[in-house]
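Report on one structure; see the data block that follows.
Protein chains: 2
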Amino acid sequence: MTGGDGLLRDAVAARERPLVEGLSRWVGIPSVSTDPERAGDVAASAAFLRDYALACGMTRAEVWETSGHPAVFAERLVDPRLPTVLVYGHHDVQPVDPEAEWDLAPFVPLERDGQLLGRGTADDKGHILMHLEAVRGILDARGQLPINLKLIAEGEEEDGSEHFEELVRAHRADLAADVAVVSDTGMLAEDLPALTVGLRGLAYWELGVQTAETDLHSGVYGGAVMNPLAVLSEMLAGLHDRHGRVTVRGFYDAVRELSAEERRQLGAVPFDEAGFLAPVGAAAGGEEGFSTMERRTIRPTLEICGIWGGYQGLGAKTVIPARAWAKLSSRLVPDQTAPQVTEAVGTHLRSVAPPGVRVDFRLIHDGPFVLTPTDHPAVRLAAEAVAAVWGREPVYIREGGSIPPVATLAGELGLPCVLFGVGLPEDRIHAPNERVVLAQLFRGMQAVAGMWDLYAAAGVEGLSPRPD
Amino acid sequence: MTGGDGLLRDAVAARERPLVEGLSRWVGIPSVSTDPERAGDVAASAAFLRDYALACGMTRAEVWETSGHPAVFAERLVDPRLPTVLVYGHHDVQPVDPEAEWDLAPFVPLERDGQLLGRGTADDKGHILMHLEAVRGILDARGQLPINLKLIAEGEEEDGSEHFEELVRAHRADLAADVAVVSDTGMLAEDLPALTVGLRGLAYWELGVQTAETDLHSGVYGGAVMNPLAVLSEMLAGLHDRHGRVTVRGFYDAVRELSAEERRQLGAVPFDEAGFLAPVGAAAGGEEGFSTMERRTIRPTLEICGIWGGYQGLGAKTVIPARAWAKLSSRLVPDQTAPQVTEAVGTHLRSVAPPGVRVDFRLIHDGPFVLTPTDHPAVRLAAEAVAAVWGREPVYIREGGSIPPVATLAGELGLPCVLFGVGLPEDRIHAPNERVVLAQLFRGMQAVAGMWDLYAAAGVEGLSPRPD
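First to last, the sequence lines map onto chains A and B.
Going by my numbering, the first sequence opens with residue 2, and the numbers climb by one from there.
Going by my numbering, the second sequence opens with residue 2, and the numbers climb by one from there.
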C-alpha cells in the first residue's frame, strides 16, 4: 500500500463485511474432496467461486474440469507490460471428523468474538476471498488494478492435489505469470507477521497387516494365535527410539543438516512454545536435541495419522481380528524424497514383521519440500507491504506443513513463489472448530492491495532476481 | 438313549428337518444384543422362542423382561419325584462386523454341504432348538418326558449377561433343578466327542489415551507434540515380552499352576494343532513353554480386541489426533479374579504412560472361570449318553472361552453344570460366515434324549455327588 492512500485503504476496508458474508455462504458448501459423496458439493463450490470472482471484478472466470474435482481459474488482465501475479489457493476442505467434537455444525459458520468458525474458514476459502475482495476494493477506489492478476483455486489440495500438475501442464499459457503468491499458510501470532520461505514435503502411506483369514473368537483362539493388533502396535512402537528418533535405517540419510549459524537464525525467530501448545492442550514431544520450532520445520517426522482394527463399537466383542491398519506419514525436509523414504520405511516394516504376517504398505500420496530464497525481490516487496500494514517487519519462517502444488508452480511454471497467508497456529485447521481471525483477513486484504502497488512500481524487470 | 430304542431314535430323527427349518427362520431375526437399534429384534427373537417352545411340547413358556434384553423361560414338569434338569442357552447373537467378509447376508441363512450358515446358527440358537426338537421327538415317541425339564435362554450373553444374575435371583423358585445342562460349547472334531469341564473367565476393558484437547494438523504440529497413536502403540506393544509372556506386574500371581500329571493328561487329549489353525489361516502365536492347547485353556491371556483413533477413511488426512482407544481383554484361569487383574493391568498402563498423557482405563464386563468335577454323576451319565451316539467315549476338555452365566447358575442356584455342546472349532462363532454342522445338531438331539433317560434311571439321589 502506498503510504497515505486513504482512499484505497477505506475502499478495501469497506469490503470487510462483504468478505465475512461471502465467506459464510461459501463455507456452507461442504466441499470435502476426500469424500466421493461430496463430489457434487465440490462442484457447487467451484461454481460459487467462479461467480464470486466475476462479481469482484475479475473479467474472466472459468471452472476447469479435471479427472477429479474441478479447479477455478479467474483473471483480470490490464496491460501486458505490467507484472502478472498468479494467486494460488484451494476451494476444497478437510473432512470434519470427529464431528462430535465440533461446537457447531461444521458447515453452518458461526461468527463469534471476531472470529468466523467453520470448516474451510481459514483453510483455505478465507484466503481466496481475501484476495478477491481486495480486488473489489481496489477497483472501487481506482477503477483498475495496478497489475495483471490471475487466480487458480484447485479442488483437490486436501486430497493430495492429484491432478494439479496435469492441470498446470494443460493450461501453461493461461497460467503464465511473473510471480506466484500462495495464500495457504500462516503467521506465528496476530502481532507477529511472517512470510513463509520453507515447506516440508510429505509422504503418506497406508499400512495393513494380516495374521489370519478370518476374525477369531478370543476365547477359542486367544493365547494361541498371533493378534494383528499386537503385531501392528509393536511395529509402530518400534518406529521411534526413546530419544524420539526414527529407527528406520536410512531415514535421515538425505537430511541436509543446518549449519550452526542457520540454527541460530531460526532460533532467533520469536516463538512462544507454551503459547503454541497451550491453546490445543497438547503434550510436547519429539526428537531430543532439537527445539520445538526445529522439530516442526527443519526435522523430518514419521507420524501415525490413523489406526484401526477389531471391534470399535459399543460394548464388548470378544474377537481377535484378522487384520489391522494404520495410516502413516512423513514430513520431508531437504533433501529427502518420497521414493527414498518410502523404500526405507517399507523395507523396515517388512523386516520387523513376524513370520506369517502379511504386510501391505503403499504410498497414498506425496509432495516435495520447498525452499524459497529470501533475497528474491518478490519476497522483499511482499515483506514491505506486510510491514506497512502490521507495523512490524515480518519474520521469515519455515512451515511444517506441505503444499504440493507450490512445488508444481515452481517446477512446472518456473515461478518464484511468495508464501503469504494470515492463518494462526490456533486456527485448528484440519481439526474440529476450525476458525479464522477476521482481523487477520482484513489486514491481509490491505497487505495484498499494497503488494500489488509495490509489484507494479518495481515492474517486470524489477521483480526478477538479480544475477549473482 | 436306552439301547435299542429304535422308536425313540426314529422319532427324534424325524425332527431333523423341522430343526433346520425352525433354525433358519429364527436366524432371520437379527437379535444382536450389543446394538441398541436391534432391541426390537432381540424382543422378537424372545417371542419366537416362547412360541417355539410351546409348539415343541413345553407346557409353560414365558418372556421374562429384564432391565436390558428379555430372556425366555419354558418348562414341562412331569412329576416332582423325577430329576429336574435346567437347560441354559442364549437367544442373542454377536454383531456381524466386518459384514463385507460374509459370503452371505448374515441373517439370511444358507444351507450348504450339510451346514447351515448364518449369525447365531451355532452360537447359540442351534443348540436351543436341538433341545426343543429333542423334546418334540421324545413326546412323539412316548407321549411324555422321563424327567422334568426347564429351559432358560437369556438375551444378553453376547453383551456380558449383565442382568442374568438379577434374573436368576428374582426367579429362584422357577429355576430350581437338580442339574444344569449348558449347551453353548463345542467339541474338538466331528468324530471326537467332548464334554467341557473348564471355562476361562473374562475381564474386558476399554482403554483411552489423550494427548491434546483437539486434533492437530500434522504439518503444523508434527514432530513437536506427542502422538496418542504412538503412545497407545507403545503401551500395547509393551504388554508382552518377546517370549509372549504378559509383562504386567502381578498378572500371573494368582494362576494355579498345573501339576506335571495334570499337564500330561491335558496333553493326551487328541488335538490337531495344524487342523486347528489351518481352516482360519491363522499364524500361531502365544506364550513360550506351553502347547497350543495349554495356551488356549489353562493359561491366561491379555489380548487387544480392537483399536482405533485418527483418520480411518478414504484418502489421506494429515492429522495428529487428540485421542486413541483400544479394547483389551483377559481370559482368566484359576484362581485369577477380574478385580485383581483389572487392578494390575490398570496400574501397569498408568505407570507406563508418558507424563502429560491422560489414561482412561475401565472394566466393561467380566465373568469368573469355571471348573466342573469330572466325577460328578451328572457328568459321567452325560458322557455315557454322548458315547452311545458318537460311538466313542468323550474326552474332558477345558474351553478357552467364558460363559459368565454358568458361574451364576453354579453360584446362585448351587447347581452342578454339565457343559454339553456340539459346536466345532471351525464354526467361526463371533466371526464372518458362522455356521453349524447339521450332523452335529442331529447327533446332539439323540444324545440329550439318551441323557434324560439315564438321568431318570439314576433318580434324584443318584444324580447327587457321592459323599467323600
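For each residue, glycine too, the CB sits at the ideal point set by N, CA and C.
Item, Value
"Which first and last residues belong to the alpha helix (DSSP H) in which Val21 (chain A) is found?", "Glu17 to Val28"
"So Pro19 (chain A) and Ala195 (chain A) are supposed to be a Cβ contact under 8 Å. How far apart are they, rounded?", "Pro19 (chain A) to Ala195 (chain A), Cβ: 27 Å. No contact."
"Does the CB of Pro31 (chain A) have a neighbour CB from chain B at under 7 Å?", "no"
"Mind checking Leu425 (chain B): buried by the 16 CB within 10 Å criterion, or exposed?", "buried"
"Drop a sphere of 10 angstroms on the beta-carbon of Pro31 (chain B), count the other beta-carbons inside from all chains shown, and report buried for 16 or more, exposed for fewer.", "buried"
"Tell me, to the nearest whole angstrom, how far the beta carbon of Leu410 (chain B) is from that of Tyr89 (chain B); I am working on the premise that it is less than 8 Å.", "6 Å"
"Which residues, in chain order, does the region 307-329 of chain A contribute to contact with chain B at a C-beta distance below 9 Å?", "Gly307, Ile308, Trp309, Gly310, Gly311, Tyr312, Gln313, Gly314, Leu315, Gly316, Ala317, Lys318, Thr319, Val320, Ile321, Pro322, Ala323, Arg324, Ala325, Trp326, Ala327 and Lys328"
"Any contact between the region 140-150 of chain A and the region 342-357 of chain A? By contact I mean 3 or more CB pairs, one from each, below 8 Å.", "no"
"Cβ of Trp453 (chain A) less than 7 Å from any chain B Cβ?", "no"
"Do you know offhand how far Gly392 (chain B)'s Cα is from Met188 (chain B)'s?", "15 Å"
"Starting from the Cα of Phe370 (chain B), find the closest Cα among B:Gly202, B:Arg173 and B:Gly23 and give me that residue.", "B:Gly202"
"Asn228 (chain A) versus chain B: which residues are under 8 Å apart at the beta carbon?", "Gly286, Glu304 and Ile305"
"Tell me whether Asp242 (chain A) is buried or exposed, calling it buried when 16 or more other Cβ atoms sit within 10 Å of its Cβ.", "exposed"
"Any Cβ of chain A within less than 7 Å of the Cβ of His431 (chain B)?", "yes"
"In whole angstroms, what is the alpha-carbon distance linking Pro466 (chain A) and Met59 (chain A)?", "29 Å"
"Cα separation between Met236 (chain B) and Trp27 (chain B)?", "43 Å"
"Please confirm whether Glu77 (chain B) and Leu24 (chain B) have their CB atoms less than 7 Å apart.", "One detail in the question is off: residue 77 (chain B) reads as Arg in this sequence, not Glu. Going by C-beta atoms, Arg77 (chain B) is not nearer than 7 Å to Leu24 (chain B)."
"Among the candidates A:His132, A:Ala47, A:Ala56 and A:Leu315, whose CA atom is the shortest distance from the CA of Val423 (chain A)?", "A:His132"
"Cβ of Leu410 (chain A) less than 7 Å from any chain B Cβ?", "no"
"Spell out whether any CB of chain B is found under 7 Å from the CB atom of Val281 (chain A).", "yes"
"Using only the alpha-carbon positions, how far apart do Arg61 (chain B) and Glu100 (chain A) sit?", "50 Å"
"How would you list, in chain order, the residues of chain A whose beta-carbon sits under 8 Å from the beta-carbon of Pro96 (chain B)?", "Tyr312, Gly314 and Lys318"
"Would you call the CB atoms of Val320 (chain A) and Asp216 (chain A) closer than 7 Å?", "yes"
"Could you tell me whether any Cβ in chain B is nearer than 7 Å to the Cβ of Glu38 (chain A)?", "no"
"Assign Pro107 (chain B) to buried or exposed, taking buried as 16 or more other Cβ atoms, counted over all protein chains shown, within 10 Å of its Cβ.", "buried"
"Using a Cβ cut-off of 7 Å, pull out every chain A residue sitting near Leu208 (chain B), in sequence order please.", "None at all; the shortest Cβ gap to chain A is about 12 Å."
"Please determine, among B:Leu442, B:Trp326, B:Phe291 and B:Glu66, the residue with the shortest C-alpha to C-alpha distance to Ile305 (chain B).", "B:Trp326"
"Mark His244 (chain B) as exposed unless 16 or more other C-beta atoms lie within 10 angstroms of its C-beta, in which case mark it buried.", "exposed"
"For Phe362 (chain A), report the span of its beta strand (DSSP E) as first-last.", "Arg359 to Gly368"
"So with CB distances below 7 Å, who are the chain B contacts of Ile398 (chain A)?", "In chain order: nothing, as chain B lies at least about 11 Å away."
"Quick one: which residues of the region 210-222 of chain B get their C-beta closer than 7 Å to a C-beta of chain A? List them in chain order.", "Thr212, Ala213, Glu214, Thr215, Asp216, Leu217, His218, Ser219, Gly220, Val221 and Tyr222"
"So with CB distances below 8 Å, who are the chain A contacts of His241 (chain B)?", "Ala231"
"Please identify, using Cβ separations under 9 Å, the residues of the region 147-169 of chain A that lie next to chain B, in order along the chain.", "Glu159, Asp160 and Gly161"
"Inspect the CB distances between the region 167-187 of chain B and the region 120-131 of chain B and report whether three or more fall short of 8 Å.", "yes"
"Verify the CB distance criterion: does His366 (chain A) have a CB-CB separation below 7 Å to chain B?", "yes"
"Does the beta carbon of Asp125 (chain B) come closer than 7 Å to any beta carbon on chain A?", "no"
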